[in-house]
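*Asks:* I'd like to ask some things about the structure below.
Number of protein chains: 2
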Amino acid sequence: MPAGRPRQFDPPVALGRATDLFWSRGYEGTSLQGLLAVTGLSRSSLYQTFGDKHHLFSQCLEHYREKTVSGMWQRLEDAPTGRAFVELTMRRAIDDRHAAGGPRGCLVLNTATEFGHRDPDVTRQVQAALSAFRAVFEEAVRRGQADGSITPSQSPQQLAVYLVAGMGGLRTLVKGGEVEALVDGACEMLLTALD
Amino acid sequence: MPAGRPRQFDPPVALGRATDLFWSRGYEGTSLQGLLAVTGLSRSSLYQTFGDKHHLFSQCLEHYREKTVSGMWQRLEDAPTGRAFVELTMRRAIDDRHAAGGPRGCLVLNTATEFGHRDPDVTRQVQAALSAFRAVFEEAVRRGQADGSITPSQSPQQLAVYLVAGMGGLRTLVKGGEVEALVDGACEMLLTALD
DNA sequence: ACCCTTATAGACTGACTGGTCAGGAAAGAG
DNA sequence: CTCTTTCCTGACCAGTCAGTCTATAAGGGT
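Each protein sequence line maps, in turn, to chains A and B. Be aware that the first sequence starts at 13, since it is given in this note's numbering, and climbs by one per residue. Be aware that the second sequence starts at 13, since it is given in this note's numbering, and climbs by one per residue.
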């Protein structure tokens, strides 16, 4: 127990709330005022705990990556086959269109498109997150090739990148309001690469 | 020949410059000051000619769609086969990574991810642009199926959506700084859907 | 020459930006 | 109880935001 007045908020919870806001509005579209409102923190508490906006965003991105990637690993463990995991993951991405308040996409991919290569720190984080996504898919492909649900004719790594790209494309279509049936079709077509 | 003092600038040129800025920085990331600097216009000229920031953005999006889509149609006409056009288009998207000042992606797809469904007007424009992209790919697939360069086993429409999704995914990977060889591999794998 | 119309420059607005700071409040330690 | 340490409230900062307005400039029509 550290000396001094204790915090009146839970940093992880606040970070989660901030992450949600960045996730829906993007970095530039999110104001400090909005972050304070959504977290309930005072300005000084936020600055003392998380640093400035950019640094806070960095922590949110990290928080998001960790939560998302570990969720993926969990679902991979729970999936009956490698292919089942891949199919579930792609369809989850599409289901984003039914989210209340409109589709938010994936914070990592959103950040990639918002920042491009303009910010070295952010770029490094995005690259790391993409690698993590790819690693999960890679393992899923390996398992799928072992259990016979995925064709052995492609390298797991290449197939994994292909799947990450596919997810990004589907999310973009969803955010762009493409006709649902067409998005579904594109998803199914992407999955035939596993045959 | 309108009465009164003539303009000291060329609206289409100014629109092109503004489009470039929105393209690299996004809507929120672009300031009026930046737009004035890049166009050389005075505040009053910009407002009088293009309306407010949102309306200007709308015109830029339109301008971009028109220029991009007509360029695509042109390249389709010039392509020896339907497949050649598709391959060229996908590889052009990837070549964005060598752009000076970092990859900018596609203004339409960038806008889709930045806005989501938060702005009805923008959403409608993005949907229209996606449809236009899809239409070009659809015609390319039809031609490819006729000239034997693309498998007839898929509906042109579905294959077209798949290709738009693929482009979106590749652009996202490029902006995210994914390893070049992996992006290339994903691109090739996407193209095998034409077999 | 004159007027009429349109375009431009640039000052100005109030609201909001991200960020800082001083002073009060709340706990544990002695 | 007092002291120390930390946290929080809220005022404050300069700078920027998008947007408006007035005054002047520059052309054509008559």
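Don't be surprised by glycine CBs; every beta carbon is placed ideally from N, CA and C. As the structure is a prediction and not an experimental result, all values here were calculated from the model.
Measuring only the C-alpha atoms, how far is residue 54 (chain B) from residue 48 (chain B)?
*Replies:* Stepping through the second sequence from its first residue, residue 54 (chain B) is reached at position 42. Stepping through the second sequence from its first residue, residue 48 (chain B) is reached at position 36. Looking at the two C-alpha atoms, the distance is approximately 6 Å.
*Asks:* Hey, out of B:179, B:64, B:139, whose CA is closest to residue 103 (chain B)'s CA?
*Replies:* In the second sequence, the residue the question calls residue 103 (chain B) occupies position 91. Among B:179, B:64, B:139, the Cα nearest to that of residue 103 (chain B) is on B:179.
*Asks:* What separation, rounded to the nearest whole angstrom, lies between the Cα atoms of residue 116 (chain B) and residue 18 (chain A)?
*Replies:* For the purposes of this step, residue 116 (chain B) is identified with residue 104 of the second sequence, where counting begins at 1. For the purposes of this step, residue 18 (chain A) is identified with residue 6 of the first sequence, where counting begins at 1. Taking the straight line joining both Cα atoms gives about 46 Å.
*Asks:* With distances taken from CA atoms, which of B:152, B:66, B:91, B:137 is nearest residue 187 (chain A)?
*Replies:* If you number the first sequence from 1, residue 187 (chain A) lands on position 175. Comparing Cα-Cα distances from residue 187 (chain A) to each of B:152, B:66, B:91, B:137, the minimum goes to B:137.
*Asks:* How would you write the range of the alpha helix (DSSP H) that residue 118 (chain B) sits in, first residue to last?
*Replies:* What you label residue 118 (chain B) is simply residue 106 of the second sequence in a count that begins at 1. Counting along the chain, residue 118 (chain B) falls outside any alpha helix (DSSP H), and DSSP gives it neither H nor E.
*Asks:* Roughly how many angstroms separate the alpha carbons of residue 31 (chain A) and residue 84 (chain A), rounded to a whole number?
*Replies:* Sequence index remark: in the first sequence, residue 31 (chain A) carries index 19 (1-based). Sequence index remark: in the first sequence, residue 84 (chain A) carries index 72 (1-based). Cα to Cα, the separation comes out at about 18 Å.
*Asks:* Identify whether residue 93 (chain A) lies in helix, strand or coil by the three-state DSSP scheme.
*Replies:* For this step, residue 93 (chain A) is matched to residue 81 along the first sequence. Looking at residue 93 (chain A) - three-state DSSP - the assignment turns out to be coil, as it is neither helix nor strand.
*Asks:* Is there a C-beta anywhere in chain A that falls below 8 Å from the one on residue 94 (chain B)?
*Replies:* Here residue 94 (chain B) corresponds to residue number 82 of the second sequence, with the count starting at 1. Judged by the 8 Å Cβ criterion, residue 94 (chain B) is not in contact with chain A.
*Asks:* DSSP state of residue 53 (chain B), grouped into three classes?
*Replies:* As a position in the second sequence, residue 53 (chain B) is number 41, starting the count at 1. Here residue 53 (chain B) sits in coil by DSSP.
*Asks:* Taking Cβ positions only, does residue 88 (chain A) come closer than 8 Å to chain B?
*Replies:* As a position in the first sequence, residue 88 (chain A) is number 76, starting the count at 1. Not one chain B Cβ lies under 8 Å of residue 88 (chain A).
*Asks:* How about residue 97 (chain B) and residue 72 (chain B): are their beta carbons less than 8 Å apart?
*Replies:* By 1-based counting over the second sequence, the position of residue 97 (chain B) is 85. By 1-based counting over the second sequence, the position of residue 72 (chain B) is 60. No, Cβ-Cβ distance for residue 97 (chain B) and residue 72 (chain B) is not below 8 Å.
*Asks:* How big is the Cα-Cα spacing for residue 144 (chain A) and residue 81 (chain A)?
*Replies:* As a working note, residue 144 (chain A) is residue 132 in the first sequence. As a working note, residue 81 (chain A) is residue 69 in the first sequence. Residue 144 (chain A) and residue 81 (chain A): Cα-Cα distance of roughly 7 Å.
*Asks:* At what residues does the alpha helix (DSSP H) containing residue 14 (chain B) begin and finish?
*Replies:* Position 2 of the second sequence holds residue 14 (chain B). Note, residue 14 (chain B): premise wrong, no alpha helix (DSSP H); not H, not E.
*Asks:* Give me the chain B residues within the contact set of residue 187 (chain A), using Cβ-Cβ distance strictly less than 7 Å, ordered along the chain.
*Replies:* Along the first sequence, read from residue 1 onward, the residue named residue 187 (chain A) stands at position 175. Chain B residues near residue 187 (chain A): 124, 125, 128.
*Asks:* Going by DSSP, what residue range makes up the alpha helix (DSSP H) through residue 196 (chain A)?
*Replies:* Residue numbering aside, residue 196 (chain A) sits at position 184 when the first sequence is read from its first letter. Counting along the chain, the alpha helix (DSSP H) containing residue 196 (chain A) begins and ends at 192 to 203.
*Asks:* Along the segment 32 to 46 of chain A, what residues have a CB closer than 8 Å to any CB found in chain B?
*Replies:* Answer in chain order: 36, 38, 40, 41.
*Asks:* Using Cβ-Cβ distances below 9 Å, what residues of the segment 64 to 85 of chain B are close to chain A?
*Replies:* Going along the segment 64 to 85 of chain B in chain order, one finds no residue with a Cβ nearer than 9 Å to chain A.
*Asks:* So, at 6 Å on beta carbons, what are the nonlocal neighbours of residue 36 (chain A) in its own chain, with the 5 sequence-adjacent residues on each side left out?
*Replies:* By one-based count along the first sequence, residue 36 (chain A) stands at place 24. Closer than 6 Å at the Cβ level, and outside the excluded window around residue 36 (chain A), lie 116.
*Asks:* Closest to residue 38 (chain A) by C-alpha separation, out of B:109, B:51, B:125, B:66, would be which residue?
*Replies:* Start at 1 with the first residue of the first sequence, and residue 38 (chain A) comes out as number 26. Residue B:125 is the option with its Cα nearest to residue 38 (chain A).
*Asks:* Which residues in chain A have a C-beta closer than 8 Å to the C-beta of residue 60 (chain B)? List them in chain order.
*Replies:* The count along the second sequence starts at 1 and reaches residue 60 (chain B) at position 48. Near residue 60 (chain B) there are no residues of chain A at all, since even the closest Cβ is about 27 Å away, more than 8 Å.
*Asks:* What residue range does the alpha helix (DSSP H) around residue 178 (chain B) cover?
*Replies:* Here residue 178 (chain B) refers to the residue found at position 166 when the second sequence is read from its first residue. Looking at the DSSP string, the run of the alpha helix (DSSP H) that includes residue 178 (chain B) is 168 to 187.
*Asks:* Any beta carbon of chain B sitting closer than 8 Å to that of residue 178 (chain A)?
*Replies:* Position 166 of the first sequence, counting from 1, holds the residue named residue 178 (chain A). True, the Cβ-Cβ gap to chain B drops below 8 Å.
*Asks:* Would you kindly check if the distance between the Cβ of residue 106 (chain A) and the Cβ of residue 22 (chain A) is under 8 Å?
*Replies:* For the purposes of this step, residue 22 (chain A) is taken as the residue at position 10 of the first sequence. For the purposes of this step, residue 106 (chain A) is taken as the residue at position 94 of the first sequence. Contact: no.
*Asks:* Taking the alpha carbon of residue 94 (chain B) as the reference point, which residue from B:163, B:74, B:28 has its own alpha carbon closest?
*Replies:* Taking the first residue of the second sequence as 1, we reach residue 94 (chain B) at position 82. Measuring from the Cα of residue 94 (chain B), the nearest candidate turns out to be B:163.
*Asks:* Span of the alpha helix (DSSP H) holding residue 157 (chain B)?
*Replies:* What you label residue 157 (chain B) is simply residue 145 of the second sequence in a count that begins at 1. Note, residue 157 (chain B): alpha helix (DSSP H), 132 to 159.
*Asks:* For residue 100 (chain A), I'd like the list of residues in its chain whose CB is within less than 8 Å of its CB, leaving aside the five on either flank, ordered along the chain.
*Replies:* Stepping through the first sequence from its first residue, residue 100 (chain A) is reached at position 88. Hits under 8 Å: 87, 91.
*Asks:* So is residue 197 (chain A) in contact with chain B if we call contact Cβ pairs under 8 Å?
*Replies:* As a first step, residue 197 (chain A) must be located in the first sequence, where it is residue number 185. By this cut-off, residue 197 (chain A) is an interface position.
*Asks:* Roughly how many angstroms lie between the CA atoms of residue 173 (chain A) and residue 141 (chain A), to the nearest whole one?
*Replies:* For the purposes of this step, residue 173 (chain A) is identified with residue 161 of the first sequence, where counting begins at 1. For the purposes of this step, residue 141 (chain A) is identified with residue 129 of the first sequence, where counting begins at 1. Going from the Cα of residue 173 (chain A) to the Cα of residue 141 (chain A) covers about 13 Å.
*Asks:* So, is residue 44 (chain B) buried or exposed, given that buried needs 16 or more other C-beta atoms within 10 angstroms?
*Replies:* Taking the second sequence and counting its residues from 1, the one referred to as residue 44 (chain B) is at position 32. Residue 44 (chain B) is exposed by the Cβ-count criterion.
*Asks:* Kindly list the residues whose CB is nearer than 6 Å to the CB of residue 202 (chain A), restricted to its own chain and excluding five residues on each side of it in sequence; keep chain order.
*Replies:* Against the first sequence, residue 202 (chain A) aligns to sequence position 190. The residues are 178.
*Asks:* Quick one: Cα of residue 29 (chain B) to Cα of residue 64 (chain B), how far?
*Replies:* The residue you call residue 29 (chain B) lines up with position 17 of the second sequence. The residue you call residue 64 (chain B) lines up with position 52 of the second sequence. Those two C-alpha atoms are separated by around 16 Å.
*Asks:* Going by DSSP in three states, residue 162 (chain B) sits in which element: helix, strand or coil?
*Replies:* Here residue 162 (chain B) is taken as the residue at index 150 of the second sequence, counted from 1. Correct three-state label for residue 162 (chain B): coil.
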